[in-house]
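Trainee: Could you have a look at this structure, given as structure tokens, before my questions?
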Amino acid sequence: MAEIAEPQVLPGSVESVKDKTDSKIDPGYLVICWNDPVNYMEYVTHVFQRVFGWNRQKADFHMLEVHEQGKSVLARESLEKAEHYVHQLQKFSLHATLERDE
Amino acid sequence: MKLRTRQNDELIFELTERERSCLVNVLGLYPLTPPAHYQLSRNQCVPEPEEAQKLLDEAMAEQRAGHRKALDEFLNSSTRFSRAGRKVLFTLSEPEADFLLQVLNDIRVGSWISIGSPVELPPIPTQGNIRGISIMEIAGFFEGNILAALTSD
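Just so you know, the sequences run in chain order A and B. Counted the way the working numbering counts, the first sequence spans residues 7 to 108. Counted the way the working numbering counts, the second sequence spans residues 4 to 156.
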């Protein structure tokens, strides 16, 4: 029975593959919603539920954080996903941005 | 504006003729939020920030065009408004209510920006801001009623 040959590892190749994978899955961007005086609190809760699929309790928690502390970090995601969420939130006219998580 | 019934996926509101007229006219202002209002990031932290901002601008423009068209169809639907004595019945599905909230909020936010984004609401009316305040409050009136209906048990 023939043995399965061990894959040959070339110097440097492991690191480059690892780097590529990490940058793809590394959730390094924050989706932030900022307070403003114009959006109704009830509306903000409604939008969080629609965009993130959260239950009422979780959506209310983040809405109150926005209201009382001026902002709330809604998600920590890869760049692509964070951009998607910011687009969605802005389509509902919420003041949302993405920032690098240092 | 009063919620008359909410069954399955359908909401029926009772409006006065004056409210119907206000709703149709305020919706005619969509879109009102200026495109430059939407910024992807506060500190340009993304790689290729100009390209990323351009993508957001395109997504918003696409949504506005789609919503404007959908709004015309929404208002022209033969079943949208019907008479019940002196009242007007305003019928919409829950997904349509979601859509209308998005549109009304754009109008509310856009009119708020047009009067200088005041921190204190409602601001003291002046000749310069009275139109913007009125639009903001009318959009907010309908928005509040729809939100209350969607969250009522």
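We put the CB at the ideal spot given by N, CA and C, even for glycine. Please read all numbers here as calculations on a predicted model, not as lab measurements.
(1) Sorted by chain position, which residues of the same chain lie with C-beta nearer than 8 Å to V72(A)'s C-beta, five sequence neighbours on each side aside?
(2) Helix, strand or coil for I141(B), going by three-state DSSP, please let me know.
(3) Taking C-beta pairs closer than 7 Å, name the residues in chain A that Q56(B) reaches, listed in chain order.
(4) Since T36(B) meets chain A, which of its residues come closer than 9 Å, beta carbon to beta carbon?
(5) Checking contacts by CB at 8 Å: is L104(A) closer than that to chain B?
(6) In the DSSP assignment, what residue or residues form a beta bridge with T82(B)?
(7) Three or more C-beta pairs under 8 Å: does that hold for the segment 5-25 of chain B against the segment 87-96 of chain B?
(8) What residues are listed by DSSP as bridge partners for C39(A)?
(9) Kindly indicate which three-state DSSP category L43(B) falls into: helix, strand or coil?
(10) Indicate whether at least one CB of chain A lies closer than 8 Å to the CB of S44(B).
(11) Run through DSSP, which three-state label would I3(B) get?
(12) Considering only residues of the same chain and omitting the five flanking positions on each side of D109(B), which have a CB-CB separation below 7 Å?
(13) How do the segment 113-121 of chain B and the segment 137-144 of chain B stand: do at least 3 beta-carbon pairs fall below 8 Å, yes or no?
(14) For R7(B) and D101(B), what's the separation of their Cα atoms in angstroms?
(15) Using a Cβ cut-off of 8 Å, pull out every chain C residue sitting near Q96(A), in sequence order please.
(16) Of the choices E74(A), H52(A), E89(A), whose alpha-carbon is the least far from that of A65(A)?
(17) Taking only runs of the alpha helix (DSSP H) that begin and end inside the segment 15-66 of chain B, which ones reach a length of at least 4 residues, in chain order?
(18) Under 8 Å Cβ to Cβ from P52(B), same chain only, skipping five residues before and after it: list those, please.
Mentor: Based on what the coordinates show:
(1) Against the first sequence, residue 72(A) aligns to sequence position 66. For V72(A), where only same-chain residues beyond five positions count, the Cβ hits under 8 Å are C39, W40, N41, V50, S78.
(2) Walking along the second sequence from the start, residue 141(B) turns up at place 138. In this structure, I141(B) counts as helix in the three-state DSSP scheme.
(3) Within the second sequence, numbered from 1, the residue matching residue 56(B) stands at position 53. Those do not exist, as Q56(B) stays about 11 Å from chain A at its closest Cβ, beyond 7 Å.
(4) Translated into positions along the second sequence, residue 36(B) becomes position 33. Neighbours of T36(B) on chain A, chain order: S99.
(5) Your numbering for residue 104(A) matches position 98 in the first sequence. So, interface residue.
(6) Locating residue 82(B) in the second sequence gives position 79, where the first residue counts as 1. None, per the DSSP bridge assignment.
(7) yes
(8) What you label residue 39(A) is simply residue 33 of the first sequence in a count that begins at 1. As computed with DSSP, C39(A) is found in a beta bridge with S78(A), A102(A).
(9) Indexing the second sequence from 1 puts residue 43(B) at position 40. Coil at L43(B), not helix or strand.
(10) Position 41 of the second sequence, counted from the first residue, corresponds to residue 44(B). Taking Cβ atoms only, chain A reaches closer than 8 Å to S44(B), which makes this a yes.
(11) This structure cannot speak to residue 3(B), because chain B is shown only from 4 to 156.
(12) Position 106 of the second sequence holds residue 109(B). Y33, P34, L35, T36.
(13) yes
(14) Position 4 of the second sequence, counted from the first residue, corresponds to residue 7(B). Position 98 of the second sequence, counted from the first residue, corresponds to residue 101(B). Their backbone Cα atoms lie some 18 Å apart in a straight line.
(15) Looking at the structure shown, chain C is missing, and the protein chains on hand are A and B.
(16) Position 59 of the first sequence holds residue 65(A). Here the closest residue by C-alpha is H52(A).
(17) Those alpha helix (DSSP H) runs which fall completely within the segment 15-66 of chain B and span 4+ residues are 20-30.
(18) For the purposes of this step, residue 52(B) is identified with residue 49 of the second sequence, where counting begins at 1. Cβ neighbours of P52(B) within its own chain (closer than 8 Å, five residues either side excluded): L43, S44.
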